[in-house]
Amino acid sequence: MQGTELVYELFNVKKRYGGRRRYVEALRGISLTVRRGEFVAVTGPSGSGKTTLLSILGLLTKPTSGTVKIFGKDVSRLTDKEATLLRRKAIGFVFQTFNLVPWLTAAENIEIALAIGGYRGNRKRRVMELLEAVGLEDRADHKPAELSGGEQQRVAIARALANNPTVILADEPTGNLDTTSGLQVVGILRSVTEEGRTVVMVTHDQKMAEMADRIVKIRDGQILGEVIPSVKA
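Taken in order, the sequence shown gives residues 5 to 237; the numbers are from our numbering.
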């Protein structure tokens, strides 16, 4: 359920790539707030700045100017080490290409995330809890090549949830999936907001975007407007 706590606050965020004379303005003054438990879809044509925005939200890229706050803390000028620690603690990522280790099973792919995050509980039990949450407890011993695209993405979501992050950032998570699998994946992303997590999803697919609480439309590095879907898919 959406809360009142602000997870993200962005004020006039700009991002340039290149030098002084020749550069590209990926973001041209983005101001945006996202609350705890909210599911936000970011849409726009290729090259509009969607992925750059997601990278800034994920502390993978620093803005050229402007302010980025997470949980009320200005993170715009964090050191790389500080950004890594915060990212590891608070943010989970889901990518279009799944990024699973091909020679490991579904369970092992998730267990790696627990190890990297320093999880101190029973890892085997936690892995099975996560696989059950995405409906894949019977596929724990299967390697990625033995899973469908939709199943691989569900493993990737379980992996992103491994260390109990507050935020899930998803970059075109249904881009390689058929409609049925895509709807299932976005349904899982939507369900995690009921636990108080925040989801920000970049997508080209309007049908998937309409499952969000709010759609933010971006073009040429600027927010054109926002839409509240009237009916969830």
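Beta carbons are placed, not taken as given, at the ideal position from N, Cα and C, and that holds for glycine.
Please read all numbers here as calculations on a predicted model, not as lab measurements.
Take Ala30, set aside five residues on each side of it, and the residues of its chain with a beta-carbon closer than 8 Å to its own are Lys19, Arg20, Tyr21, Gly53, Thr56 and Gly225, in chain order. In this structure, Ala160 lies away from Leu108, with their beta-carbon atoms at least 8 Å apart. Within 10 angstroms of the beta-carbon of Tyr12 lie 16 or more other beta-carbons, which makes it buried. Counting C-beta atoms within 10 angstroms of its own C-beta, Gln157 has 16 or more neighbours from the protein chains shown and is therefore classed as buried.
Under the three-pair Cβ rule at 8 Å, the stretch 169 to 186 counts as touching the stretch 139 to 156. DSSP, reduced to helix, strand and coil, places Ser69 within a strand of the structure shown. When Cβ pairs closer than 8 Å are counted between the two stretches, the stretch 128 to 139 is seen not to touch the stretch 68 to 84, the count staying below three. Asp142 and Gly62 have their alpha carbons spaced roughly 32 Å apart. Burial state of Thr202 is buried, judged by a 10 Å Cβ sphere holding 16 or more other Cβ atoms.
In terms of Cβ geometry, Thr178 and Gly186 form a close pair [threshold 8 Å]. Ranked by Cα distance from Gly121, the first of Val231, Ala166 and Val79 is Ala166.
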